[in-house]
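Structure first, then comments.
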Amino acid sequence: MSGTEKSLNSSPQSSSRFGPWSNSQQDAQEFLLWLLDRVHEDLNCSSNKLKRKTPTFISEEEFLAHEALYNYARSNSSFVMDVFQAQFRSSLTCRTCDRVSNTFDPFLCVSLPIPPTKKYVPIYVYVLYLDQTPRHVKIGLIVEENETIGGLKKCLSKDTGIDEDTLFLIELKETAFSPYLKNDVFVRDLDSEADLYCVEIPRSPQLSEEDEGEFIVLSWINILKINDKVKKRFGTPYAIQVSRETLYCDLQKLLLKEMSPILHSNVLVGEQNIPIFKMKVLMDDNNEDESSSKSPSSSSSSYLNPEAELPMCTDIMERATKLGSVIKLVLEWDALAKSQIINDDSAPVEIHSTVAAAEEESYPKEASSVSLQECFSLYTSEEKLGQGDAWFCPECDRKREVVKKMGLWSVPDVLVIHLKRFRQCSLSTDKLLTLIDFPLDGFDMTPNVSRSSSTNSSTCSTILSSQVMVESSINKVIANAFNPWRHPKRYLARSTVLTQEDNYMYDLYAVCNHHGSDLQGGHYTATCRNPTDGIWYSFDDVRTKSLSKNEVVTKDAYILFYQRRTTSSVPPSSYNNNTTSSGGSEHWKKYATLPAKKISEVAAYSTKINNNSNNMDNETTPTLAIPEEDEDDDVSRPIDKNDVD
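If you use my numbering, the sequence shown corresponds to residues 1 to 645, in order.
Shown next as structure tokens:
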């Protein structure tokens with residue numbers, strides 16, 4: 001470096017001389033990481049390039065994290081690492097033996113995925129109660145389209161009062177059931193041409209282990225079969241619980257008894273001939289629409305045989321019980337039997353007020369924004385890796401499917417958050433314009449840090465003893481390369497465990513905005529907070545203007561810069577625009593740039609001022625060690641606030 005100060009030329013031509021971008025568009029996040037890496041290389045004061053191998057045996061997480069930090073710090077020690085660096089934790093959990101493997105890696109920037117915008121849709125459900133009047137009610141719900149069937153069941157259970165364990169959710173087409181609805185199916189994948197029914201089924205009786213499986217639940221619909229091609233559904237679905245040892249004649253009586261409200265009043269259930277109707281067992285590979293294309297023998301095999309001694313124990317029923325906890329039946333009636341037995345084939349339904357509310361379309365069609373915490377929750381969510389990404393489990397001694405979970409083990413003083421707004425679509429990039437609602441002040445990172453908050457006493461002693469060894473080794477490594485403005489001990493104290501309570505409260509001080517529709521073009525601007533008065537300013541090339549707080553959060557926010565709130569700093573909420581805060585003074589003392597030979601003058605003047613204003617302080621001000629330099633070598637470097645305090 002020369003003896004004269006030079007300003008940083010931020011033009012594309014200047015940066016392309018040192019970076020890999022030539023004259024093409026530069027991504028701000030990539031450029032930032034490149035710049036931090038170059039500054040780190042220039043300021044790296046570590047002299048030991050050798051790494052100690054991290055132990056392969058399983059140990060406490062704290063010890064493993066410190067081992068990884070030790071190995072990294074031996075060859076990487078600079079101002080950039082002190083301020084911007086922290087650790088990721090990546091956990092792999094074997095899905096067979098629950099063995100957990102943790103790895104720790106350093107990071108300078110956290111790239112967060114953006115959750116899909118929540119879209120809401122109306123869902124109309126026909127609810128059928130067991131013993132409640134009215135029995136048949138239509139309700140309306142407003143749910144997120146990415147909600148699962150399992151989540152929908154929870155909502156229905158809360159709104160209807162039906163226990164989730166006795167709630168059977170089915171789709172009904174004109175003449176048949178739809179396939180079973182699994183809990184992980186999304187609401188958006190429901191058949192728009194089918195009616196959604198919520199049927200309350202009988203609660204299973206308390207059975208002994210010997211009697212378990214002796215009862216099954218049947219749910220059925222009634223079909224008028226005019227001929228092989230013309231069919232018509234009538235009435236509502238029904239559900240009962242029967243014993244596996246029920247005879248065919250008794251099963252018919254039970255079904256008719258459940259349908260008694262729609263039968264003729266003179267019909268005697270116990271005196272009807274067998275069979276009045278055919279009972280067809282439905283399975284997902286055997287619905288009404290497909291049966292017409294199958295052979296007669298294949299179709300007839302799904303009907304219960306009236307001559308079977310125990311129809312509930314036949315092969316067809318055994319296969320049906322493996323598909324779900326509720327057996328689906330279709331009762332096929334001919335016109336003569338229906339006219340003699342059925343009096344009212346309508347399905348009267350009471351319309352609840354929630355249906356009108358859902359039809360008014362007054363609900364929000366789409367969420368207006370996504371919170372920054374939702375981005376972190378998506379980033380730290382568990383991911384199941386399939387056989388293609390199998391991990392070799394040392395406990396099982398073979399490759400196993402695992403659950404992967406990313407998290408932040410620690411957080412730096414300056415937290416850089418990159419929002420992944422760009423995604424590759426074919427040959428071009430697409431930009432997500434989702435509004436991320438990020439806090440300006442008091443962003444608590446505690447929920448996003450996976451580091452344990454408490455440790456038992458035995459673990460504490462183990463970690464602390466190992467910690468002393470690690471810190472001692474690092475101090476020896478950097479002793480020969482110590483610079484007066486660097487404070488490795490302070491860095492070590494911040495990264496240690498159990499010595500001080502971690503502070504995870506952050507305040508925003510800058511935003512990098514990208515204006516444009518794709519990564520190949522566009523324009524970057526910056527929004528920064530003045531540390532002396534807390535006022536926000538927009539920097540757009542040579543144009544600068546002040547902003548209100550409401551103008552900081554926009555859809556163009558791309559990179560967020562947060563600073564850890566320390567006990568000595570002034571919270572941004574307490575800024576006074578008419579006065580200069582001590583927090584701003586500390587900022588300029590820390591980051592101002594002066595020639596090295598002027599530092600002694602600044603330090604001496606600062607010491608004199610402090611002694612005059614703080615007479616109660618009896619401590620002797622430490623002498624500031626300045627490296628010897630040639631008189632003509634006027635090297636510039638940043639002043640650390642500890643140099644002038």
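Using N, Cα and C, we set each Cβ at its ideal position, and we do this for glycine too.
Simplified DSSP state of residue 109, which is helix, strand or coil: Residue 109 falls in the coil class under three-state DSSP.
Rounded to a whole number of angstroms, what is the C-alpha to C-alpha distance between residue 95 and residue 380? Our two residues, residue 95 and residue 380, have alpha carbons roughly 18 Å apart in a direct line.
Could you pull the DSSP bridge partners for residue 328 from this structure? Assignment of beta-bridge partners to residue 328 by DSSP yields 219 and 282.
Rounded to a whole number of angstroms, what is the C-alpha to C-alpha distance between residue 143 and residue 40? Those two C-alpha atoms are separated by around 49 Å.
Between 126, 186 and 177, which has its C-alpha nearest residue 160's C-alpha? Closest option to residue 160, Cα to Cα, is 126.
Express the C-alpha separation of residue 138 and residue 351 in angstroms, rounding to a whole number. Distance between residue 351 and residue 138, taken at the CA atoms: about 5 Å.
Measure the Cβ-Cβ separation of residue 222 and residue 333 and say whether it is below 8 Å. A contact, by the Cβ cut-off of 8 Å.
Are residue 272 and residue 256 touching if we call contact CB-CB under 8 Å? Contact annotation: residue 272 and residue 256 have beta-carbon atoms nearer than 8 Å.
Candidates 408, 506, 383 and 550, of which the one nearest residue 437 by Cα: Of 408, 506, 383 and 550, the residue nearest in Cα terms is 550.
Applying the 10 Å Cβ sphere with the 16-neighbour rule, what's the burial state of residue 93? Counting of Cβ neighbours within 10 angstroms places residue 93 among the buried residues, the total reaching 16 or more.
Provide the residue span of the beta strand (DSSP E) that contains residue 132, from first to last. No beta strand (DSSP E) contains residue 132, which DSSP labels as neither H nor E.
May I have the straight-line CA-CA distance separating residue 340 from residue 268, to the nearest angstrom? When rounded, the distance between both Cα atoms is 11 Å.
Extent of the continuous beta strand (DSSP E) run through residue 505: 505 to 515 is the extent of the beta strand (DSSP E) around residue 505.
Near residue 185, which residues of its chain fall below 8 Å by C-beta distance, leaving aside the five closest residues on each side in sequence? Taken in chain order, the residues that qualify are 148 and 149.
May I ask you to verify whether the stretch 381 to 394 touches the stretch 529 to 539, counting CB pairs closer than 8 Å and requiring at least 3? They do not touch, by the three-pair rule.
Using 10 angstroms around the beta-carbon of residue 516, count the other beta-carbons present and answer buried if the total reaches 16, otherwise exposed. By the 10 Å Cβ count, residue 516 comes out exposed.
Can you give the Cα-Cα distance for residue 646 and residue 245, rounded to whole angstroms? No answer is possible for residue 646: it lies beyond the span of the chain, which begins at 1 and ends at 645.
Report the rounded CA-to-CA distance for residue 407 versus residue 112, giving the unit in angstroms. CA-to-CA, the gap between residue 407 and residue 112 works out to about 11 Å.
Residue 215 to residue 312 span [Cα, whole Å]: Linking residue 215 to residue 312 through their CA atoms gives a straight-line distance of about 10 Å.
So is residue 89 buried or exposed if we call it buried at 16+ other beta carbons inside 10 Å? By the C-beta density criterion, residue 89 is buried, having at least 16 other C-beta atoms within 10 angstroms.
Consult DSSP for residue 276 and reduce its assignment to one of helix, strand or coil. If DSSP states are grouped into helix, strand and coil, residue 276 belongs with coil.
Once you ignore the five residues that flank residue 146 on each side, which residues in its own chain have a CB closer than 8 Å to its CB? Within the same chain, and ignoring the five residues on either side of residue 146 in sequence, the residues whose Cβ sits closer than 8 Å to its Cβ are 116, 118, 119, 186, 187 and 188.
Limits of the alpha helix (DSSP H) - the one that residue 379 falls within: Looking at the DSSP string, the run of the alpha helix (DSSP H) that includes residue 379 is 372 to 379.
Per DSSP, what kind of secondary structure is residue 312 in: helix, strand or coil? Assigned with DSSP and collapsed to three states, residue 312 falls in helix.
How would you label residue 46, buried or exposed, when you count the other beta carbons within 10 angstroms and need 16 or more for buried? Looking at its Cβ environment, which holds 16 or more other Cβ atoms inside 10 Å, residue 46 is buried.
State buried or exposed for residue 328, treating a residue as buried only when at least 16 other CB atoms are found within 10 Å of its CB. With a 10 Å radius around the Cβ and a threshold of 16 neighbouring Cβ atoms, residue 328 comes out buried.
Indicate whether residue 28 and residue 559 have their beta-carbon atoms separated by less than 8 Å. Contact: yes.
The alpha helix (DSSP H) with residue 36 in it runs from where to where? Unbroken alpha helix (DSSP H) run through residue 36: 28 to 43.
Quick one: is residue 537 buried, meaning 16 or more other Cβ sit within 10 Å of its Cβ, or exposed? Under this definition residue 537 is an exposed residue.
Contact between the stretch 164 to 175 and the stretch 189 to 196: three or more CB pairs below 8 Å? Touching, yes, given that three or more Cβ pairs across the two stretches are closer than 8 Å.
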